[in-house]
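Numbering (my numbering), first residue to last: 51 to 299.
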């Protein structure tokens, strides 16, 4: 059985919440759980543990997925929040996930970053983000709509002779969903760009060049949301099968 460690989304104490109001919650979004769970593949939600307890848990995993959710905190990549702190992000979750990513890198484990996870990878490797695309890159297209959510789509260009173009032979362009308002501003060190959004040329996928091609991979879109779409999108299973191949499957 392949065990995939999935970083938790976090929810903090809120006494106005009816259930578990004063408690700190770790959770996994349902579409993600269904995407990751396969025959002989079991996703394990990584709890918010400390020290040796966390390390013992991580040591049992064959690979790691970093899921979407809250923004990264600007201070995590050395910036101050814009717009009077409108986009403060989640510094606590940043710290929790960066510890997991550090472990995965140190122990040469496969990594698959999705949306926030993709942005976290960019910051881990020394890059930074647009805190809000509409504010800091106003020429870009709209990448998120709170109502339409995972029904917002746009085209990406797959970089020729790179990993994604080889995984999807014959495709130069493809449609993906778009559920984010932040994006890569400066690219992290040793990250090889695999896809750009069209027409605004924002980075949509990359892999780290210090490992076997695609072993450390990130995408800005949500492959786990693809089955919800009424528009044909890039096959989400190709990406996941490639990740699992690095996990020993």
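By construction, the Cβ of each residue, glycine as well, lies at the ideal position given by its N, Cα and C atoms. Predicted, not measured: the structure shown is a model, and the values here were computed from it.
Within 8 Å, strictly: CB atoms of residue i and residue j
i, j, result
"residue 98", "residue 58", "yes"
"residue 170", "residue 114", "no"
"residue 235", "residue 179", "yes"
"residue 123", "residue 141", "yes"
"residue 56", "residue 108", "no"
"residue 165", "residue 296", "no"
"residue 174", "residue 135", "no"
"residue 51", "residue 90", "yes"
"residue 206", "residue 254", "yes"
"residue 112", "residue 54", "yes"
"residue 167", "residue 128", "no"
Other residues of its chain near residue i: CB distance less than 8 Å, five sequence neighbours each side excluded
i, result
"residue 257", "213, 241, 242, 244, 263, 264, 265, 266, 267, 268"
"residue 71", "63, 64, 65"
"residue 176", "238, 239"
"residue 204", "191, 193, 225, 226, 228, 247, 248"
"residue 289", "162, 217, 267, 269, 273"
"residue 74", "60, 61, 62, 63, 98"
"residue 261", "158"
"residue 298", "52, 112"
"residue 105", "153"
Candidates the options: closest to residue i by CA position
i, options, result
"residue 184", "217, 233, 143, 142", "233"
"residue 287", "82, 180, 118, 137", "82"
"residue 227", "284, 129, 128", "284"
"residue 208", "196, 175, 174, 248", "248"
"residue 149", "206, 126, 133", "126"
"residue 294", "259, 281, 87", "87"
"residue 259", "129, 160, 147", "160"
"residue 292", "110, 129, 217", "217"
"residue 131", "186, 69, 298, 277", "186"
"residue 101", "145, 223, 261, 280", "145"
"residue 188", "75, 252, 93", "252"
"residue 200", "280, 261, 172", "280"
"residue 379", "105, 93, 69", "This structure does not reach residue 379, given that the chain is present from 51 up to 299, and the question cannot be answered."
Own chain partners of residue i with C-beta closer than 7 Å, once the 5 adjacent residues on each side are dropped
i, result
"residue 143", "60, 120"
"residue 147", "57, 116, 170"
"residue 110", "53"
Cutoff 6 Å; reference residue i; Cβ partners in own chain excluding five residues on either side
i, result
"residue 85", "274"
"residue 77", "59"
"residue 250", "190, 191"
"residue 276", "283, 286"
"residue 162", "115, 267, 293"
"residue 172", "234, 238"
"residue 223", "205, 207"
"residue 138", "131"
"residue 278", "200"
Chain B contact for residue i (CB, 8 Å cutoff)
i, result
"residue 163", "Looking for chain B here will not work: only one protein chain is present."
Residue i beta carbon near the ligand ZN (any heavy atom closer than 7 Å)
i, result
"residue 65", "Looking at this structure, you won't find the ligand ZN or any other ligand, since it has none at all."
Exercise for the section: Could you tell me whether the region 209-226 touches the region 142-157, using the rule of 3 or more Cβ pairs below 8 Å? Expected result: no
Handout entry: Contiguous beta strand (DSSP E) assignments of at least 3 residues, all confined to the region 59-128
Key = 59-61, 75-77, 91-96, 113-116
Problem - Ranges of the beta strand (DSSP E) found wholly within the region 190-238, counting only runs of at least 3 - result: 203-208, 223-227, 233-236
Problem - Segments assigned beta strand (DSSP E), at least 3 residues, entirely inside the region 233-287 - result: 233-236, 241-247, 253-258, 266-269
Practice task
Enumerate, from N- to C-terminal direction, the unbroken alpha helix (DSSP H) stretches of 4 or more residues contained entirely within the region 122-184.
Solution key: 141-156, 166-174
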